[in-house]
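Taken in order, the sequence shown gives residues 154 to 970; the numbers are from our numbering. C-beta atoms are modelled at their ideal positions from N, C-alpha and C, and glycine is treated no differently. As structure tokens, the structure follows; a few thoughts come after it.
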Amino acid sequence: MERGLRLMDGNGEPARRPRLSIVVPFYGVERYIAECLESLRAQSFADFEAILVDDGSPDGSLAIAQQHAASDDRFRIVRQHNQGLGTARNTGARYAVGEYLTFVDSDDVVPPHAYRRMIASLDRTGSDMAAGNARRFNDLGVRDSWVHQVPFARPRPRTHVREFPSLALDRMAWNKMYRRSFWDREGFAYPVGLYEDYPVTIASHLFADRVDVLATPVYYWRERDGGDLSITQRVWEMDNLRERVASAERVLDLVADESTQLRGEVGRHFLHIDVGAVLAALHRAPADLVESEDERRREILELARRLVSRIDADQVALSSPFDRVQAHLVLEGDLDGLSELTHYRARHGRNGSLQVREQGSITEFFRDLPGLDAGVPEEIYRVAPARVRLQGTLQDTRWVREPGGGDALIIDVRVAVDQLDLTGAQVFLHLVSPSGRSRSVPSHILTQGPRRELRLTLRPALLAELDDPGHWRLEVEARVAGLHRRGRVTGLTGTRTRWSEQRLIGPHLWAKPARDQGAFGVLIRRPEAALTEVAAAAAELSLSGWFVPPTTREDTPPMPVLWLTLNNGADVVPATVDLAPPRAGDPVGSARFEALLDAEMIASHGLEDHITERSVWNVRMAVGTEPPVSLCHPSVVGSAVAVVGHRRVSILPGPTGLASVHEEYAHPSVDRARAEDGAVELSGWFDRSGDRPSRARWRGYITPDNRVDVEVPVSWCAEERRFAVRAPVAELVDRAAAARAEAADVVEGDAATSWALWLLTEEASPPPPRCPGVSAEPAMLSVADVHRMPTALQAGGHAVTLHLGRMGRLSVVVDGA
């Protein structure tokens, strides 16, 4: 067994005890482990040891680990014969000597400040463990992890799973940090086999005195693409299903004597997630996994029955109609009914349409799922009126110039009350002021049916009446089938919505469509400081604007200071500021400033986020002893970009209309789009010395595990550093349709496919930091270009929409209908 490549004392232990031990088991991850280990090396908390456990890896993973251990004495290697992930974690824990202990899966990535934040929290509170939020990522970008959204919606220092039962949904090993004394006191060890996380995780939550919950993401969980699937993605393999159920049974044993609320949280979670995953194998599994298809189906049913029989009947009754039907069919042993139900779910999702039955003055609702009116007790399908929910979803928003002058804001909203037909229903829109004052606003109907689309036009006269600064929330009200519902409008879908422009609606009064805590509305701002001009020259960004100085007895206002602060608050960079002569149009009593930002100094601070390859700096101004204020960045001011080596440093308006500085890797950026001859042509710049694209790849995502690649040529103008790529729309539609027909888990009726554009480069310079050895560059879409180029096109009879996707990447949605 290889102890490592660092100095040890006479007892075979590290010469100095680090504060943190990071255990990283690895097996068959040569594609990913370098990125994982680099993310550990980049941690802002440096006092750690990394125990790299080689679990008999058959590929080149060990050589990569040895390179890191040879160049950084915080990394050491322990080797063992292949025994599985749980045993490898236990081996690493035995060699670990730190005050704190954490685990990392070798195909994942840890953001730079994760461990600093977790240790700071534990040092401050004295809790036994800390758990943080997580995000999922693949080569398309980053998204929130669904299973972590509720437990980590907000920070909760010194809490406990018995006080906050939703914490029981936190079932992974890798977003935790344990006080080593707590780990040893309870004698924790991961069981042999797959799905080893949850039994230890739930036990640690139960046995801890106190737990710190961090809402900030501390972990990036990889979603492997294509055929290289992780344990949790190989859900149709019988061994995988057996071990999944065995792990769930261990968890149910641990919570058997806990409160009804805690048992229910775990039981309903298993019913919704794990039972569904087991039953999905009825139609997803290849027939050659076992000798007999009938044998496989019977075993799947038995595995599901073992789980369902452990969940309290009253908790099943609180579940969704789909989960109730599923549980009933499992306990009845109805394989044919389960096959029909799982096939229905794969094609239509979990929510069937809503049947409305009138019984005199009583209106009853039932979910129209397989089995209704076919022998299954109809009570299982019943939907309580309180669970018939209204949903208002923003579809689009844009500014238009009024013929008589001034700007009007158009807002399109889709309204649904579950799946009830809204034809003839009463539907209204309201704006609610920051102080809670509500006013109805007129709208007109765009479409009728199960979903109604409304258009609200806020004309200049109405906008001028929204003089209460703050967020005016848009709400929708509906009366249908004896129900009265009212709620907020959510969902910022589409490029123009999230990055919509900020317009002047009155004397130094600005309006911008924006969201606040998930609710869409109109943000009204009367700023204390604003930009009026931005520009770039070489490695400098220049900006100028006005500010309202504090009241002072001095003849001249105090000199302002411009601060750049990272979103995590970790770093502050003061910028050079000078006072300037006032200009016409500046507010009365204001003063003018000019400032220079050193792009090289900003880029030298390194990445705030290793996965997104981006740092976002908030721009604020402090004058005298007054608290700093953010700078309003009107859309008409535009943006400016300075290129420093492989980095772009740009100043631009953020989603809420405030100035921000983005420092990011200089990927190719699209800034023009047009439809021609049944295709969409995209062009842009790739301003990185020595690099040029050789060909392009369109990658379509049918499901997370099913993607389609279409390679096309790319045109290149070296003098202007510009590229052009055509999207053959008909070919993209045909290739997506063929893949969709083969996929078993595509929801019917969803004919649109999201495509990412990658440029394959001939590299004269190092590749992106999170893609060592990879020469594929994702095409980006600049926020500054969103309003200057068409984002909704028609080509070959198909709708093509450009979106500003995750991490600023271009996403092209092609409707195959």
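Q) Taking the DSSP output, what are the residues bridged to Trp908? A) Looking at the DSSP assignment, Trp908 forms a beta bridge with Gly853, Val965.
Q | Start and end residues, alpha helix (DSSP H) containing Ser400 | A | Here the alpha helix (DSSP H) through Ser400 covers 391-407.
Q.
Suppose you measure from the CA of Leu359 to the CA of Tyr343; what does that come to, to the nearest Å?
A. Each residue's alpha carbon lies about 16 angstroms from the other.
Q) Between Ile563 and Arg962, what straight-line distance do the alpha-carbon atoms span, to the nearest angstrom? A) Going by the C-alpha atoms only, they are around 26 angstroms apart.
Q: Could you tell me which uninterrupted alpha helix (DSSP H) segments, each at least 4 residues in length, are contained entirely in the stretch 425-475, listed from first to last along the chain?
A: The stretch 425-475 contains these whole alpha helix (DSSP H) runs: 428-437, 446-461, 466-470.
Q) Do you know how far the Cα of Val797 is from the Cα of Ala871? A) Inter-residue distance for Ala871 and Val797 is about 19 angstroms (C-alpha atoms, whole angstroms).
Q) Around the C-beta of Val741, are 16 or more other C-beta atoms found within 10 angstroms, so that it is buried, or is it exposed? A) Val741 comes out exposed.
(Q) Rounding to the nearest angstrom, what Cα-Cα distance links Ala249 and Phe256 in this structure? (A) Using only the alpha carbons, I get a separation of about 11 angstroms.
Q. How do the stretch 525-544 and the stretch 583-600 stand: do at least 3 beta-carbon pairs fall below 8 angstroms, yes or no?
A. Output reads no: the stretch 583-600 does not touch the stretch 525-544.
Q: Take every Cβ of the stretch 876-887, pair it with every Cβ of the stretch 802-820, and state whether three or more of those distances are shorter than 8 angstroms.
A: Result no; under three Cβ-Cβ pairs closer than 8 angstroms.
**Q.** Between the CA atoms of Val300 and Ile230 - distance to the nearest angstrom
**A.** Each residue's Cα considered, the two are about 32 angstroms apart.
Q: Classify Pro530 as buried or exposed, calling it buried when 16 or more other Cβ atoms lie within 10 Å of its own Cβ.
A: By the neighbour-count rule (16 or more Cβ atoms within 10 Å), Pro530 is not buried but exposed.
Q | Span separating the alpha-carbon of Phe974 from that of Thr778 | A | Residue 974 is absent from the structure shown; the chain starts at 154 and stops at 970.
Q: Given a cut-off of 8 angstroms, decide if Asp565 and Arg608 are closer than it, judged by their beta-carbon atoms.
A: Yes, the pair counts as a contact, with Cβ atoms nearer than the cut-off.
Q.
Can you tell me whether Ser836 is helix, strand or coil according to DSSP?
A. Here DSSP, grouped into helix, strand and coil, assigns Ser836 to strand.
Q) Which ranges would you report for the beta strand (DSSP E) in the stretch 168-192 if only whole runs of at least 3 residues count? A) Annotation note: the stretch 168-192 contains the following uninterrupted beta strand (DSSP E) runs of length 3 or greater, listed N- to C-terminal: 173-179.
Q | Contact the stretch 628-644 vs the stretch 575-585: 3+ CB pairs below 8 angstroms | A | The answer is yes - the stretch 575-585 touches the stretch 628-644, with three or more Cβ pairs under 8 angstroms.
Q) Can you name, in chain order, every residue of its own chain whose Cβ lies under 6 angstroms from the Cβ of Gln655, other than the five neighbours on each side? A) Trp663, Lys665, Pro787, Ser788, Gly810, listed in sequence order.
**Q.** Option in Ala849, Ala832, Trp908, Ser847 with minimal Cα separation from Gly950
**A.** Distances from the CA of Gly950 to each of Ala849, Ala832, Trp908, Ser847 were compared; the closest alpha carbon is that of Ala832.
Q: In angstroms with no decimal places, state the Cα-to-Cα distance between Val965 and Tyr372.
A: Distance between the alpha carbons of Val965 and Tyr372: 28 angstroms.
Q) On the three-state DSSP scale, how would you describe Pro919? A) Bear in mind that the predicted position of Pro919 carries a pLDDT of just 43, short of 50, making it too unreliable to give a figure here.
Q) Can you tell me whether Arg170 is buried or exposed, with buried defined as 16 or more other CB within 10 angstroms of its CB? A) A residue is called buried when at least 16 other Cβ atoms come within 10 angstroms of its Cβ; Arg170 does not meet this threshold and is exposed.
Q.
By the three-class DSSP mapping on this structure, what secondary structure does Gly698 have?
A. Three-state result, Gly698: strand.
**Q.** Whole-number beta carbon distance between Val861 and Ala812, since they are thought to touch under 8 angstroms
**A.** Ala812 to Val861, Cβ: 40 angstroms. No contact.
Q. What are the partner residues of Asn771, as DSSP defines its beta bridges?
A. Under DSSP, Asn771 takes part in a beta bridge, and its partners are Thr718, Ser813.
Q) Mapping DSSP to helix, strand and coil, what is Trp336? A) Three-state DSSP puts Trp336 in a helix.
(Q) Quick check on the burial criterion: 16 or more other C-beta atoms within 10 angstroms. Buried or exposed for Asn235? (A) By the neighbour-count criterion, in which a residue is buried when 16 or more other Cβ atoms sit within 10 angstroms of its Cβ, Asn235 is exposed.
Q) If you draw a straight line from the C-alpha of Pro734 to the C-alpha of Leu694, how long is it? A) If you draw a straight line from the Cα of Pro734 to the Cα of Leu694, it is about 20 angstroms long.
Q: Round the Cβ separation of Tyr185 and Ser259 to the nearest angstrom and send it over; I've been treating them as touching at under 8 angstroms.
A: Distance from Tyr185 to Ser259 at the Cβ level is roughly 7 angstroms; contact confirmed, criterion being Cβ atoms closer than 8 angstroms.
**Q.** C-beta atoms of Ser697 and Phe746 nearer than 8 angstroms
**A.** Contact flag set, yes.
Q | Beta carbon of Cys785 nearer than 8 angstroms to that of Ala682 | A | Using a Cβ distance threshold of 8 angstroms, Cys785 and Ala682 count as a contacting pair.
Q. Are the beta-carbon atoms of Ile658 and Pro622 separated by less than 8 angstroms?
A. Taking 8 angstroms as the cut-off, the Cβ atoms of Ile658 and Pro622 do not count as close.
Q. Excluding five sequence neighbours on each side, which residues of the same chain lie with their C-beta closer than 6 angstroms to the C-beta of Val314?
A. Here the set comprises Leu320, Ala321, His358.
Q | Residue range of the unbroken alpha helix (DSSP H) whose run includes Ser224 | A | 214-224 is the span of the alpha helix (DSSP H), which, as asked, contains Ser224.
Q) Is it right to say Met271 is buried, meaning 16 or more other beta carbons lie within 10 angstroms of its own, or is it exposed? A) Buried is the call here.
Q. Can the beta-carbon of Leu522 be found closer than 8 angstroms to that of Pro595?
A. Cβ distance not < 8 angstroms, so Leu522 and Pro595 don't count as in contact.
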